[in-house]
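Taken in order, the sequence shown gives residues 27 to 199; the numbers are from this note's numbering.
Idealized CB from N, CA, C, for every residue including glycine.
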Amino acid sequence: MTSTTAQKPTCPVCHQADQVKTTQAAYDAGVERCAPPDMPTKNVPLFLPFLLCMVFVGFFVFAIVILIGSEATLSLAFQYVLVGLTLICIIAALVVSYMAFQSVVKGDAEATKRFPAWDRAMAVWRSLYYCARNDVIFDPKTNKVLSNEELLALRSMQEDRAEQISATLVQQQ
Ligand SMILES: [Zn+2]
């Protein structure tokens, strides 16, 4: 324990190191403000509509099979409507699955695009320390205390804001 305390930087506010921990350690200890930047994720919002389409297709195909099999006396118009509805559902399912596929590809590309920013934000975040006595997050290289806005920007990875912050942190070295 004493060996790790020796390596810790001193807090720029209280100038002591005994309450200083890494942002990771602070976050693990339940300090929400020390949360790491969110990893870019892909979302597939069209999964539910796709599932619904498939259920409808299944239902209509089932209905057709039952009605044909039972030799029920159905008007021709009704059969046309049933077949028409089935076709509409199949086409809708195809369209939705195509859109879902497109959004997965797009989400993938966006996540990939955001990864470098997340990487940089993570690198900055890892270099930060937290002082439990003053409840401040600071950069040991510059002895600069980060404001809430800077932390939020870092976490949300607004591309240019995160770059601005790392740039200011570097400039102040
Ligand atoms: Zn302190």
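Under the DSSP assignment, residue 47 falls in the beta strand (DSSP E) whose first and last residues are 46 to 48. With the criterion CB distance below 5 Å from any heavy atom of ligand 1, the matching residues run 37, 39, 40, 157, 159 and 160 along the chain.
Annotation for residue 160: 37, 39 and 40 place their beta carbon closer than 7 Å to its own, counting only its chain and skipping 5 residues before and after.
In the three-state reduction of the DSSP assignment, residue 165 falls in the strand class, which pools E and B.
A residue is called buried once 16 or more other Cβ atoms fall within 10 Å of its Cβ, and residue 176 is buried on that count.
For residue 115, the enclosing alpha helix (DSSP H) begins and ends at 102 to 153. With fewer than 16 other Cβ atoms inside 10 Å of its own Cβ, residue 124 counts as exposed. The region 107 to 119 makes contact with the region 80 to 89, as at least three CB pairs between them are under 8 Å. Taken atom to atom, the span from the alpha-carbon of residue 149 to that of residue 112 is near 54 Å. Just so you know, the alpha carbons of residue 59 and residue 47 end up roughly 13 Å apart. Counting only the Cα atoms, residue 67 lies some 25 Å from residue 119. Residue 155 is a Cβ neighbour of residue 35, given a cutoff of 8 Å.
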